[in-house]
Structure formats: C-alpha cells, structure tokens
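Chains as they are written, first to last, in my numbering: chain A, 49 to 173; chain B, 748 to 1159.
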C-alpha cells in the first residue's frame, strides 16, 4: 500500500514529461515512454543495485522477498492486456474516453491496494 | 546568459496554456500526494476525520504505522504532525512538483527534442529509451538507496505501483491533457508490450527461488542492453516484421537516408504555403501504413506519419521565416527558444506564479545551459535535468530517511 503511493511520487517526472510531449502531438512518444519506463525499471532499476551488491560482496547473490509475486505478475499482465484492449477499442486514438477508462482502472488498482493492505484480499505489497 | 532582450517572447495565450498545463499536472498529482501525505502523517487515531476522506480505514492506519514506519516521520516529527504541518507538507510537495514540472518542460523535453530533430531518432524510440531512462531515474536512485543504505531490497511493491501508475495514470493523463486527439500507431505499442512481457517472465523465472544470483541480475541488465540495441535498429526491425512476417508488400520504412531526401524535398517547398506541409509525408521517405490512410486532415497526417520530427522542424522553419503567419500547425506554444522565460509577466496570475517560483526558475536558468540555442550541449542538459529531477523527487518522497527506512521495514 505504502509503496503504491511512494511509486506515484517517483513517477511524477514520467507523468510530467509524457504529458508535455503529448501536448506537443507526440502520442507514440508518450505511450512508448510510459511502457519503456517499466522496462527500464525491471531490467535496470531492479537488477543494477543487485548486481553492484553482488560485485561488492564478491559474487554472492542477494535474497529477495517475493511473497506475492504470482499475484503481482498476474496484475501487471492483466493491466497490460486491458490497456491494449482499451486502445484498440478506442480505434488507436487517444480520446477522452480512453483517458477516463485508464484513470478508472487506476482507481480500481488503488482500491485493490487499499483492500490488500486491510487484509481483505491476498497481498500486493 | 539568458538576456531578457534576446529572448523569444511568448504570446499571452501561449503563456497561459503553459501555466494551465503545469497547474493541471499539479492538481492531478497533488490529489494523489495529498492522500499520500495524510496517510503518512497519521500516527494516532486523532486524525480520523481527515483520513476518512482519503478512503482509508483506521485498520489501514494502524497497520501502516505498526509494522515499522512504512512512512517515517519527517521534519515536523510525529508529535508535530498536526493539520497545519500536514498543510505545510502538502505545500512543500507541490513546490517540488513545480520544480519537476519546470525541469521537464524547459530542459528535459527540449533536450529530447534536440535529440529527435538533430540526430533523426524516431520519437517513439527516443521516448522508450532516453525519456524513459530520464523519467525513471528517481526509481533507480530509490532502489540504489534501498540496497546500499538500507541494506535491503526495495521490493516488488514499488515496481508494481510504479508500473501501474506509469501505464494507466500517465497514458490516461496524456489523453486528457493533449490538445487534440492523438493517433497512435500499433508498432511501437506492440514492440514495447512484447519486450515488457518478456522481461516480466524473465523476472518471474529469476525470482522463483527468492534469491538473485549475480548471473541473474547480470542477465537482466543484458536484456536492457538488448532492448536498447533493438531500439537503435528499430526501423529495420519494423521493416523486417511488417514485410517478412505480416507480408505487407506496400510497407516502405523510413531510414535516415530517406528522411534526408525527404528533408531536401521539403526545403524546396515555399515557406509561404504551410498547407503544403502535408505533401512532405507522402514523399519518397514516407510510410504507407493503414494508419496513415485513415487520417484525413493535413494536421492529423502531420501527427501520424513517421517523419514527424522532420515535419515539426519544417513547420517551425516556416513559422520563423514568415513572421506574419500565426501558428498554422496548432500546438506550437512550446516551440520557443527553450529555457525558462524570465520576463516579468503581464497578467496577475502570471505574476503570482513568477514570484512564487522565481527561486527555482532563476536557479535552474543559471545552472543548466539552453540546449535550443546550443544544440551540441544536449547531453549536458539531459544529464543535468536527470540530476535535478532526482534531486526534486528525493525531496518529494521525503528524503533519504523515508526511502531507506521504508526499506528497512521490509528486512526479515
């Protein structure tokens, strides 16, 4: 739960720069950068600290906690699929309806995160 | 350095939309961060009234504070976190927000524009690599702090939260704030989704034993290198995919060479005829995609065709050469000389805005060069922008203690 909001804080530069380029008419650039940010997070943001740690520790690995990995991955894949479906349904145009559906989905995710932190459903963080 | 007299003056209208953009971004994210601040500030039951508005129950609060300060106390201390202090906190967050907005708007995005225009990198490629790397630098810093200062890993939760925010909220906000309805092309989305799914699967495989070996983290880094290399060959990959796999016989890819030829042709077009702009794209270097055929107006054509950077550049050249013409392409209010506008504004709202933000504005204007005027300095501008973004984000999420201690709470 806490991380949900911490993450929103660290993603503000992504939000700002994407909105700015979208206002200049570069829709593909905005969408690519938001998915590209996730690729960057997973393949550089996560492993780089681990890798540096391993080098310092002389080749040892690092223990990580992944008690709800399956649920999280399922959530991410579902999110990606729903984004593609929404974009296709809106005819590959970034309409206000598309924006609204995305924000509603984000609200849904936040609700899930809150429910999760209250222990109603099994865990995101 | 940034002489007032030499600066390109924006029109009042352009200036206003500039502010509306920033204030809109503020509003959207301030709501999120206000909830965040309220949740983080609550350490006892006394703020129940405030919190019920944030959609969290008392159970949530107790859990958040009990399990070892997910949100550590900030400068005000736990006792001092009364409503007034919360307000100060929110104001501080909004101020750093403004800082990030100014860095992105006046330095980071212009550096990307220079990159796209000068080096003829396709805009979606620049978006997925340079822009994504710059915008996600705070996440990287957080992860580094987590591992090296807190001696723990920040965990999967940050990635989930950030991923969902990046995709759903950011794309949603782009759709809301764009000036016209933008047409997307399928290739960039398809390409990025494939890579993302692949990376997630790899992460799943490596995470299964709850232990990341050196070769596993190394492999993930190699995947990022592969992604960047793939992106550098994007147009070839696109051609291969569309011609060989989809058997689109009519697909003609844009290469640098083609764009150069198209540019030469474009230069021959009379500057006095902006309506001819649309003729640039069906030229020799154009993509004959179905998406292109669907768009009807020249403006839409301008947005959806591949050599967009070229057309933008061309339309700017026309605007500059013909001073009497009024922004023919629409959304041109950001096409100024780059850098921060340090002129004293005319309207009252502009003046308030100027006075409030002048420490940030002057600080940035005198420490980052203007890459619109000195194009060769774009790497300096790019790196400095990332550092400033990291700096502001660091304050926004509450400094090192917050990120470090929230990680400590995850150690077993």
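For glycine and all other residues, C-beta sits at the position ideal for the given N, C-alpha and C.
- If the five residues before and after residue 1133/B are omitted, its C-beta is found closer than 6 Å to the C-beta atoms of 881, 884, all from its own chain and listed in chain order.
- Taking a Cβ-Cβ cut-off of 9 Å, residue 1111/B has no neighbours in chain A, whose nearest Cβ is about 14 Å from it.
- For residue 110/A, DSSP records a beta bridge to 959/B.
- Between residue 97/A and residue 969/B, the CB-CB gap reaches or exceeds 7 Å.
- Among the residues facing chain B, residue 68/A is included, as its CB has a counterpart in that chain under 7 Å away.
- One thing to note: residue 70/A has its Cβ within 7 Å of the Cβ of residue 921/B.
- Nearest in C-alpha terms to residue 1115/B, of all of 1127/B, 1123/B, 1104/B, is 1127/B.
- Residue 127/A and residue 915/B do touch by the CB rule: their CB atoms are close to 7 Å apart, below 8 Å.
- Around residue 845/B, the same chain offers 1104 as residues with beta carbons nearer than 6 Å, after the five sequence neighbours per side are excluded.
- In summary, residue 1106/B is exposed, with fewer than 16 beta-carbon neighbours lying within 10 Å of its beta-carbon over all protein chains present.
- Residue 933/B reaches chain A at 140, counting residues in chain order whose Cβ is nearer than 7 Å.
- Judged by DSSP secondary structure, residue 994/B falls outside any alpha helix (DSSP H); it is assigned neither H nor E.
- A distance below 8 Å between beta-carbons, with the five flanking residues on each side excluded, links residue 1136/B to the following residues of its chain, in chain order: 847, 850, 851, 855, 881, 882, 884, 885.
- As the crow flies, the alpha-carbon of residue 155/A is around 23 Å from that of residue 75/A.
- Under the three-state reduction of DSSP output, residue 931/B falls in the coil class, being neither helix nor strand.
- Residue 885/B has a beta carbon lying within less than 7 Å of a beta carbon in chain A.
- Take residue 102/A, set aside five residues on each side of it, and the residues of its chain with a beta-carbon closer than 8 Å to its own are 108, 109, 110, in chain order.
- Interface criterion met: the Cβ of residue 1136/B is under 7 Å from a Cβ in chain A.
- Rounded to whole angstroms, the separation of the alpha carbons of residue 142/A and residue 930/B is 6 Å.
- Residue 141/A is bridged by DSSP to 930/B.
- C-alpha of residue 840/B to C-alpha of residue 63/A: approximately 15 Å in a straight line.
- The CB of residue 87/A comes closer than 8 Å to the CB of 875, 879, 939, 942, 943, 946, 971, 974 in chain B, given here in chain order.
- When Cβ-Cβ separations below 7 Å define contact, residue 924/B makes contact with chain A.
- Per DSSP, residue 105/A lies in no alpha helix (DSSP H) segment and is marked neither H nor E.
- In the three-state reduction of the DSSP assignment, residue 867/B falls in the coil class, being assigned neither a helical nor a strand state.
- Look at residue 1122/B here: in three-state DSSP terms it is helix.
- Residue-level contact check: residue 957/B touches chain A, since one or more beta carbons of chain A fall below 7 Å from its beta carbon.
- Between residue 133/A and chain B, the shortest Cβ-Cβ separation is not below 7 Å.
- Counting of Cβ neighbours within 10 angstroms places residue 913/B among the buried residues, the total reaching 16 or more.
- Residues of chain B whose Cβ lies closer than 8 Å to the Cβ of residue 126/A do not exist; the shortest such Cβ separation is about 10 Å.
- Cβ contact annotation for residue 117/A (same chain, cutoff 8 Å, sequence separation greater than five): none.
- If you ignore the 5 residues before and after residue 1108/B, its C-beta comes within less than 7 Å of the C-beta of 849, 1087, 1089, all in its own chain and listed in chain order.
- Note that the C-beta distance between residue 875/B and residue 66/A is not below 7 Å.
- At a Cβ-Cβ threshold of 7 Å, residue 951/B and residue 121/A count as neighbours.
- Excluding five sequence positions before and after residue 1129/B, the CB atoms of its chain that fall closer than 6 Å to its own CB belong to 858, given in chain order.
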